[in-house]
Amino acid sequence: MHMFNAITHSQIYVLDQDEALDFYVGKLGLEVNADIDMGFMRWLTVNVPGHPERQIMLEKPGGPAMSEETAQQVRELVTKGAMGGHLIFSTDDCRKAYETLLSQGVEFTEEPTDRPYGIDCGLRDPFGNHIRFTQPKA
Numbered sequence: 001m002h003m004f005n006a007i008t009h010s011q012i013y014v015l016d017q018d019e020a021l022d023f024y025v026g027k028l029g030l031e032v033n034a035d036i037d038m039g040f041m042r043w044l045t046v047n048v049p050g051h052p053e054r055q056i057m058l059e060k061p062g063g064p065a066m067s068e069e070t071a072q073q074v075r076e077l078v079t080k081g082a083m084g085g086h087l088i089f090s091t092d093d094c095r096k097a098y099e100t101l102l103s104q105g106v107e108f109t110e111e112p113t114d115r116p117y118g119i120d121c122g123l124r125d126p127f128g129n130h131i132r133f134t135q136p137k138a
């Protein structure tokens, strides 16, 4: 018996949700799934176009989940790339995606590289989260 049948949401911390939208939607080409002011927080999710069943929550560290002291510590760790926030996307053409994003000013940590599983490259979002995208071997 399978208890679960899907992963619907994943979460990463961002320091500015509007800047996150500019990056994830404006540069990476994801689409907004939900942008809801809940009063105590902004529920902001994005997804790969055409795949609303798998959302990424772009969460700003803070209340009500954590104290301001803890939120400050989390913000510092996010900036250092030490929070463990990782996203891995697949693409049909890694080198073309790389060139497109490079022309938009996206800074990469690793150029497209041939790997046993395909071609992939790495970058960090404006907040320090690690992102990779991979063109799987055919």
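Start counting the sequence shown at 1; every next residue gets the next number (full-length UniProt numbering).
By construction, the Cβ of each residue, glycine as well, lies at the ideal position given by its N, Cα and C atoms.
Model, not experiment: these values are computed from the prediction.
Item: 6 angstroms Cβ shell around R95 - same chain, five flanking residues per side excluded; Value: P112
Item: F133 beta carbon less than 7 angstroms from that of V14; Value: no
Item: R75 burial status per 10 Å Cβ neighbour count (16 or more: buried); Value: buried
Item: Chain-order list of residues whose beta-carbon lies under 6 angstroms from that of G26 (same chain, five-residue window excluded); Value: none
Item: Alpha carbon of G85 to alpha carbon of V78, nearest angstrom; Value: 8 angstroms
Item: Complete runs of the alpha helix (DSSP H) confined to the UniProt domain "VOC" (6-136) [at least 4 residues]; Value: 17-21, 68-79, 94-103
Item: Length of the line joining the Cα atoms of F4 and M57; Value: 20 angstroms
Item: Nearest-angstrom Cα separation, counted from L30 out to V46; Value: 6 angstroms
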